[in-house]
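Colleague: The structure's right below; bear with me while I get my questions together.
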Amino acid sequence: MLLSDKILSANTDILDRMLKHRFVADVQADSLQRDVFHRYLAYEGQFVETAISIFAFATISAPDIGAQRWLIGVQDALANKQVPYFEDIFARRDIGVESQVPDAVAAFDAGMLEIARTGAFVDVLTAMFAAEWMYWTWSKATDTTQISDPDLRAWVDMHTATDFADQAMWLKNAIDTYGDESDVDRLAQVFNHVTQLEIDFHTAAYDAPPKHEG
Ligand SMILES: Cc1ncc(CO)c(N)n1
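In full-length UniProt numbering, the protein residues as written are 1 to 214.
Shown next as structure tokens:
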């Protein structure tokens, strides 16, 4: 079995919990409340910027120019496709960037950056594989469901588009190319850790935002 498939197999339970998360269920049932969507967007916009840094760390530790070219392309897509989505939507929907975010949101960003800063190349690949494979999976399962909010529809469609699908597949293949059988337990643990952070991140959108101090 491929290393990437072993990582997935070791995490079926937790991945399944994320794929059935209330947030995903609400998107699929077209019942995501506007205030939840807006909080999610504010937290998500911050993560997309963090993701640029994560892929920058991966670019530094990539062992060859082929991987570096690909990762620079990912940074380009994040900076020039995903960030503009948030810039446009924040202006139109009057969503403010939150200076205070819930602990779970801060923990997700910090946890992902920590792996990127201190982990081996395959660890960073696995962290983003956990994040992107999961989004690609639930978005594909949401391809034909009715979504009334055009901004939410566009967000889901962005994660079924060829660009994003190719990225998720590239990460999976790269784990098999650059990883080693001896990495399997550590990488399965990275995948597990990231998926738990994802669960908590998506739960945070349902809680009232933290109050400003003072
Ligand atoms: C929180 C989160 N996880 C994963 C993805 C997919 O890259 C995303 N955009 N946001």
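Glycine residues also receive a C-beta, built at the ideal position from the N, C-alpha and C atoms.
For Q68, which residues in the same chain have their Cβ closer than 7 Å to its Cβ, ignoring the five residues on either side in sequence?
Modeller: The residue given as residue 68 occupies position 68 in the sequence shown. Here the set comprises T59 and A62.
Colleague: Under a Cβ-count criterion, where at least 16 other Cβ atoms within 10 Å of its own Cβ denotes burial, should R34 be classed as buried or exposed?
Modeller: Taking the first residue of the sequence shown as position 1, residue 34 is located at position 34. Result: exposed.
Colleague: In angstroms, rounded to a whole number, what distance separates the CA positions of H173 and T126?
Modeller: Locating residue 173 in the sequence shown gives position 173, where the first residue counts as 1. Locating residue 126 in the sequence shown gives position 126, where the first residue counts as 1. It should be noted that the sequence gives Asn, not His, for residue 173. For N173 and T126, the distance between alpha carbons rounds to 11 Å.
Colleague: Would you say F37 touches ligand 1, meaning its beta carbon is less than 7 Å from a heavy atom?
Modeller: On the sequence shown, residue 37 is found 37 positions in, with the first residue counted as 1. Result no, Cβ not under 7 Å from ligand 1.
Colleague: With a CB to CB cut of under 6 Å and the five nearest residues on each side skipped, what residues in its chain are close to F191?
Modeller: Within the sequence shown, the letter at position 191 stands for residue 191. Same-chain partners within the cutoff: I7, N11, T126 and A130.
Colleague: Please say whether I89 and D151 have beta carbons closer to each other than 8 Å?
Modeller: Looking up residue 151 in the sequence shown gives position 151. Looking up residue 89 in the sequence shown gives position 89. The answer is yes: Cβ separation under 8 Å.
Colleague: Who are the Cβ neighbours of Y85 in its own chain at under 8 Å, not counting the five residues just before and after it?
Modeller: Translated into positions along the sequence shown, residue 85 becomes position 85. These residues qualify, in order along the chain: A154, W155 and M158.
Colleague: If we call anything under 8 Å between Cβ atoms a contact, is M112 one with T50?
Modeller: As a first step, residue 112 must be located in the sequence shown, where it is residue number 112. As a first step, residue 50 must be located in the sequence shown, where it is residue number 50. Cβ distance < 8 Å, so M112 and T50 count as in contact.
Colleague: Roughly how many angstroms lie between the CA atoms of L187 and V48, to the nearest whole one?
Modeller: Here the question's residue 187 lines up with position 187 in the sequence shown. Here the question's residue 48 lines up with position 48 in the sequence shown. L187 and V48: Cα-Cα distance of roughly 23 Å.
Colleague: May I have the straight-line CA-CA distance separating L32 from A110, to the nearest angstrom?
Modeller: For the purposes of this step, residue 32 is identified with residue 32 of the sequence shown, where counting begins at 1. For the purposes of this step, residue 110 is identified with residue 110 of the sequence shown, where counting begins at 1. Near 27 Å, if we compare the C-alpha coordinates of A110 and L32.
Colleague: With 16 as the cutoff for other CB atoms within 10 Å, does V122 come out buried or exposed?
Modeller: As a working note, residue 122 is residue 122 in the sequence shown. Under this definition V122 is a buried residue.
Colleague: Sorry if obvious, but does the Cβ on E44 come closer than 7 Å to a heavy atom of ligand 1?
Modeller: Locating residue 44 in the sequence shown gives position 44, where the first residue counts as 1. Yes.
Colleague: Kindly provide the ranges of any alpha helix (DSSP H) runs that are 4 or more residues long and lie completely inside the segment 57-118, ordered along the chain.
Modeller: Counting only runs of 4 or more, we get 65-77, 83-93 and 103-118.
Colleague: Could you please give the first and the last residue of the uninterrupted alpha helix (DSSP H) stretch that includes S139?
Modeller: The residue labelled residue 139 in the question sits at position 139 within the sequence shown. Per DSSP, S139 belongs to the alpha helix (DSSP H) from F121 to K140.
Colleague: If you measure between the beta carbons of V27 and T144, is that distance less than 8 Å?
Modeller: For this step, residue 27 is matched to residue 27 along the sequence shown. For this step, residue 144 is matched to residue 144 along the sequence shown. No, the pair does not count as a contact, with Cβ atoms beyond the cut-off.
Colleague: Tell whether a beta-carbon distance below 8 Å holds between Y43 and A205.
Modeller: Counting from 1 along the sequence shown, the entry for residue 43 is found at position 43. Counting from 1 along the sequence shown, the entry for residue 205 is found at position 205. Contact: yes.
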